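84 is the number that our numbering gives to position 82 of the sequence shown; each next residue is one higher, with no gaps. Below is one structure; the comments refer to it alone.
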Amino acid sequence: CIKLLFDLGKDLPSVRQVLRSDKYHGAICAIGPERGWTDDEAEAFITAGFYSISLGQPVLRTDVACIAALTLVSDALSNNNTP
């Protein structure tokens, strides 16, 4: 299981970039508020083993970001695990 921290960075990798290299069977997703994570919050997630990634632009409302993130993760995981 991979831990994904969705954040507001322009230089962060995408879901596909992070998940294409290995076969994962699940993901834990952390999706924050529209303003983004504070530096302390982001550091705590990184310390806990999360990969910081981006949903891209524009910034989405939290409820929409949840749906978008889960769709992208589900698609990437199903593509990685197809023989």
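We put the beta carbon where it would ideally sit given N, CA and C, even for glycine. Keep in mind that this is a model prediction, so the values were computed, not measured.
Going by DSSP in three states, S54 sits in which element: helix, strand or coil? The residue you call residue 54 lines up with position 52 of the sequence shown. Reduced to three states, the DSSP call for S54 is strand.
Label L7 either buried or exposed according to how many other C-beta atoms from any shown protein chain fall within 10 Å of its C-beta, with 16 as the threshold for buried. Position 5 of the sequence shown, counting from 1, holds the residue named residue 7. With 16 or more Cβ atoms within 10 Å of its Cβ, L7 is classed as buried.
Start-end ranges of the alpha helix (DSSP H) lying completely within the stretch 4–58, minimum 4 residues: Along the length of the stretch 4–58, whole alpha helix (DSSP H) runs at least 4 residues long occupy 17–21 and 41–49, reported in chain order.
Quick one: what does DSSP say V75 is sitting in, helix, strand or coil? The residue labelled residue 75 in the question sits at position 73 within the sequence shown. In the structure shown, V75 sits in a helix (DSSP, three-state: H, G or I).
Go ahead and pull the three-state DSSP assignment for V66. Here residue 66 refers to the residue found at position 64 when the sequence shown is read from its first residue. Three-state result, V66: helix.
Taking the alpha carbon of P15 as the point to measure from, which residue in T64, R63 and I55 has its own alpha carbon closest? As a working mapping, residue 15 is identified with position 13 in the sequence shown. For P15, the nearest C-alpha among the options comes from I55.
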